[in-house]
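Reviewing the structure listed below.
Numbering (my numbering), first residue to last: 560 to 836.
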């Protein structure tokens, strides 16, 4: 049994005390190259990321849209591996022991590495949670429960099509927070209606005390601010990976991601003040 660090629970407690939502930023590890990605990762907390979601590059990211698929391929072509992804987390932990890091990806690379070996390495590196999108609750014994035994939260996704019959199963072993997918389809979809999502999140709160982060289709500070008025966290990924794709140089990519993170963070932090004004 690995001791829990509880960074995710502590961060959401801090956010609740401050009466504001958190910002969860997604980047693909190794995109566009290892050095630039590491530089970006190390600077994200200061730029305003409350939780960092770090993508584990995989050749068949079927839940992701074109933007994150492309970022994954850039990383793989740049030589990113699981070992290098965990090295990036270790490097962050050398200077930041407070910001939660959640690894997002697919089961195949974990299975190939060996579940116990992966979980031991991830916990040792300083990872706090996992999002593995292609393992449903019916397979919790495969990875979810072993991960929690290693002190790692297992964050599950709920969607607009998760009905009342299935929601309890989705929530049963979910820990850390629940990731609410605000639109059907893959990442980077059209912006969701904040009013509709607010109603859906409120309905889920009747079934769980877990914090709820909302993602998919949120690209701008204005959109993030609207979601931050009611969600516990706002997740932004494709807009950040697009910034990398559109940059003319790796240095510009890092600057662009951090600049957008600062804008998103500012919008999220003032969202409830604006709503009350």
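Positions of the beta carbon are idealized from the N, C-alpha and C atoms, including for glycine.
In this structure, the alpha-carbon of residue 650 lies about 23 Å from that of residue 802. Residue 739 is bridged by DSSP to 717, 773. Residue 790 is not a Cβ neighbour of residue 827, given a cutoff of 7 Å. Sequence-distant Cβ neighbours of residue 574 in its own chain, meaning closer than 6 Å and more than five residues away, are 581. Look at residue 587 here: in three-state DSSP terms it is strand. Contact between residue 821 and residue 606 holds: CB atoms are separated by about 5 Å, below the 8 Å threshold. In the three-state scheme derived from DSSP, where H, G and I count as helix and E and B as strand, residue 699 is classed as coil.
Taking a cut-off of 8 Å on C-beta distances, the stretch 641 to 655 does not touch the stretch 692 to 711, as fewer than three cross pairs fall below it. Taking residue 577 as reference, the option from 736, 569, 584 with the minimal CA-CA separation is 569. Nearest neighbour of residue 723 by Cα position, chosen from 613, 796, 759, turns out to be 759. When C-alpha distances from residue 778 are compared across 831, 584, 579, the shortest belongs to 584. Residue environment: residue 770 is assigned as buried (16 or more neighbouring CB atoms within 10 Å of its CB, all protein chains considered). Excluding five sequence positions before and after residue 763, the CB atoms of its chain that fall closer than 8 Å to its own CB belong to 717, 726, 737, 739, 771, given in chain order. Contact annotation, residue 712 with residue 735: C-beta distance approximately 3 Å; criterion of less than 8 Å satisfied. DSSP places residue 650 inside the alpha helix (DSSP H), whose first and last residues are 641 to 652. Counting the other Cβ atoms within 10 Å of the Cβ of residue 665 gives 16 or more, which makes it buried. Less than 7 Å separates the beta-carbon of residue 705 from that of residue 674. DSSP places residue 712 within a strand segment (E or B) once states are collapsed to three. Separation of the CB atoms of residue 628 and residue 620 is rounded to 5 Å, and the pair is thereby assigned contact status at 8 Å. Shortest Cα-Cα distance from residue 766 to any of 721, 678, 742 involves 721. In this structure, the beta-carbon distance from residue 642 to residue 589 does not fall below 7 Å.
If you check the CB distance, residue 613 and residue 660 come in under 7 Å.
Taking residue 618 as the centre and dropping the five residues before and after it, the same chain places the C-beta of 635 closer than 7 Å to its C-beta, in chain order.
Residue 586 and residue 785 have their C-alpha atoms spaced approximately 22 Å apart. Under the three-state reduction of DSSP output, residue 685 falls in the coil class, being neither helix nor strand.
Apart from sequence neighbours up to five positions away, the residues of its chain that approach residue 604 with a beta-carbon distance below 7 Å are 655, 658, ordered along the chain.
Counting only residues of its own chain and dropping the five nearest sequence neighbours on each side, residue 692 has a CB closer than 7 Å to the CB of 622, 665, 716. Residue ranges of uninterrupted beta strand (DSSP E) with 3 or more members, entirely inside the stretch 585 to 619 and ordered along the chain, are 610 to 614.
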